[in-house]
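Take the sequence shown: its letters are residues 1167 to 1449, numbered as in the working numbering. Backbone N, C-alpha and C fix where the C-beta goes; we use that ideal spot for every residue, glycine too.
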Amino acid sequence: MFKENTLENETILITGGGSGLGLSMAHKFAELGADIAICGRTEKKLEKAAEDLRKHETNVRWYIADVRDYEAVGEMFGRLIDEFGSLTGLVNNAAGNFLSTSEDLSPGGFKAVVDIVLYGSFNCTHHFGNYLINNNKKGNILNIVTTYAEDTGSAFVLPSACGKAGVLAMTRSLAFEWAEYNIRVNAIAPGPFPTEGAWTRLFPAKKFEKKFIEKIPAGRYGEHEELANLAAFLMSDMAPYITGECVTIDGGEKLSAGQFNFIDGLMSRKKLKAAFKLMKLKK
Ligand code: HXC
């Protein structure tokens, strides 16, 4: 899909890049020539991820940082920019989530997720934006949100829904405000892309998974490669005029709210056609 050097002059930080979708994006960016920084809380995970990423033969470094800690994030940006010489892109991918009835949430549980998702994205974006603006450099920010960040919210994941909605608002607010500085800010809203982190927390039983797949019109989960390709496109010079956009990639799952969509699940398509034919009014 891309030329091998599509991201050749880029240095990109992916928060939570030690595993899951963050790591898949890191692999794609490195494959396309970008230098890669990943950060997270677990040294072992980051070390192993960086080792794997080095097969693409670009510069790869990892940093221990909890995105909730503004000062620690600032120190990381300082070190990172010293070590790489520059930073051109940021992917706010680090997230937290768990299933809970909202009446049973503790304030600490709500805060933990909103801190990671919303404050974490703000902390990184604020440091990165200031670095770009103060040094008169152009740059790219990509926020990973969810399909329930807009319109619907979602039951049982209230802190995540609130945090991600905030990140989406931040995406659009900054896209306008920072366009003047040549900084693009976009978002991707992924539907279901299996990762260990999300799946162990959000799909405790096979029964959940089966129900979930049933509501995806494409009839399957997303492949990491599909999301990584979209991220690479948005982070590249192939999309210089796209900013403030949130691209949904979910096999049509978000559309399941369509008023008559439920009919699809009632009977086979053949039976449906026959039923509709019978219903057709004769003149
Ligand atoms: C209720 C919970 C809980 C649970 C933690 N808490 N897990 N409450 N149900 N399952 C509460 C704790 O009681 C505590 O509240 C507070 O949350 C903080 O918990 P800690 O374990 O001390 O926090 P911490 O170690 O910082 O962990 C943060 C975390 C954790 C968010 C709770 O799950 C985490 O680190 N997650 C990161 C990875 C992750 O979640 N990945 C999935 C993202 S998927 P009190 O009140 O006792 O202090 C995603 C995509 C969505 O976002 C779309 C999918 C289709």
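With contact counted as at least three CB pairs below 8 Å, one residue from each stretch, are the region 1323-1338 and the region 1415-1432 in contact? Contact between the region 1323-1338 and the region 1415-1432 is absent: fewer than three C-beta pairs spanning the two stretches fall below 8 Å.
Proximity to Ile1310 [Cα-Cα], best of Ala1231, Glu1213 and Phe1359: Per the C-alpha coordinates, the member of Ala1231, Glu1213 and Phe1359 positioned closest to Ile1310 is Phe1359.
Exposed or buried, what is Lys1436 when buried is set at 16 or more other beta-carbons lying within 10 Å of its beta-carbon? Label assigned to Lys1436: exposed.
Who are the near neighbours of Trp1228 in its chain, counting only those whose CB is closer than 6 Å to its CB and skipping five residues on each side? Same-chain partners within the cutoff: Ile1204, Leu1212 and Ala1216.
Rounded C-beta distance between Val1351 and Cys1290? I'm assuming under 8 Å. Between Val1351 and Cys1290, the beta carbon gap of about 12 Å keeps them out of contact (Cβ cut-off 8 Å).
Entirely enclosed alpha helix (DSSP H) segments - the region 1357-1437, minimum 4 residues: Listed in chain order, they are 1362-1368, 1372-1380 and 1390-1401.
When DSSP labels each residue in this structure, what does Gly1305 get in the three-state scheme? The answer is strand: DSSP assigns Gly1305 an E or B state.
Quick check: is any heavy atom of ligand 1 less than 7 Å from the C-beta of Ile1379? No, the beta carbon of Ile1379 sits no closer than 7 Å to any heavy atom of ligand 1.
Does Gly1186 come out as helix, strand or coil in the three-state DSSP assignment? DSSP places Gly1186 in the helix class (H, G or I) of the three-state scheme.
Ignore the nearest five residues each way along the sequence and tell me which others in Thr1414's own chain have a CB closer than 7 Å to its CB. Around Thr1414: Thr1313, Ala1355 and Lys1420.
For the alpha helix (DSSP H) that contains Val1279, what are its first and last residues? DSSP places Val1279 inside the alpha helix (DSSP H), whose first and last residues are Pro1273 to Val1280.
Between which two residues does the beta strand (DSSP E) harbouring Arg1227 extend? Element bounds for Arg1227: Val1226 to Ile1230.
Is any non-hydrogen atom of ligand 1 found closer than 7 Å to the C-beta of Asn1263, if you look at the structure I gave you? Taking the Cβ of Asn1263 as the reference point, at least one heavy atom of ligand 1 falls within a distance shorter than 7 Å.
I'd like to confirm something about Arg1350: is its beta-carbon nearer than 7 Å to some heavy atom of ligand 1, or not? For ligand 1, no non-hydrogen atom lies closer than 7 Å to the CB of Arg1350.
By Cβ distance, which residues of its chain are closer than 7 Å to Val1279, with the 5 residues on each side in sequence left out? Same-chain partners within the cutoff: Gly1262, Asn1263, Pro1325, Ser1326 and Gly1329.
Heavy atom of ligand 1 within 7 Å of Ile1299 beta-carbon: False, no ligand heavy atom lies under 7 Å from that Cβ.
With DSSP run on the structure shown, which of helix, strand or coil describes Thr1291? In the three-state scheme derived from DSSP, where H, G and I count as helix and E and B as strand, Thr1291 is classed as helix.
Tell me whether Ile1282 counts as near ligand 1, meaning its Cβ is closer than 7 Å to at least one heavy atom of that ligand. It does: the Cβ of Ile1282 is within 7 Å (strictly closer) of some heavy atom of ligand 1.
Closest by CA to Asp1416, which one among Tyr1407, Gly1424, Leu1396 and Ile1382? Shortest Cα-Cα distance from Asp1416 to any of Tyr1407, Gly1424, Leu1396 and Ile1382 involves Ile1382.
How about Thr1172 and Gly1199: do their beta carbons lie closer than 8 Å? Yes.
Extract the residue ranges of the alpha helix (DSSP H) inside the region 1196-1227, only unbroken runs of 4 or more that lie entirely within it. With a minimum length of 4 residues, the continuous alpha helix (DSSP H) runs that stay inside the region 1196-1227 are 1209-1219.
Please name the residue in Phe1322, Glu1197, Ser1185 and Gly1410 whose C-alpha comes closest to that of Lys1210. Nearest C-alpha to Lys1210: Ser1185.
Would Ser1287 and Val1323 qualify as a contact pair, given that the criterion is a beta-carbon distance under 8 Å? Not a contact, by the Cβ cut-off of 8 Å.
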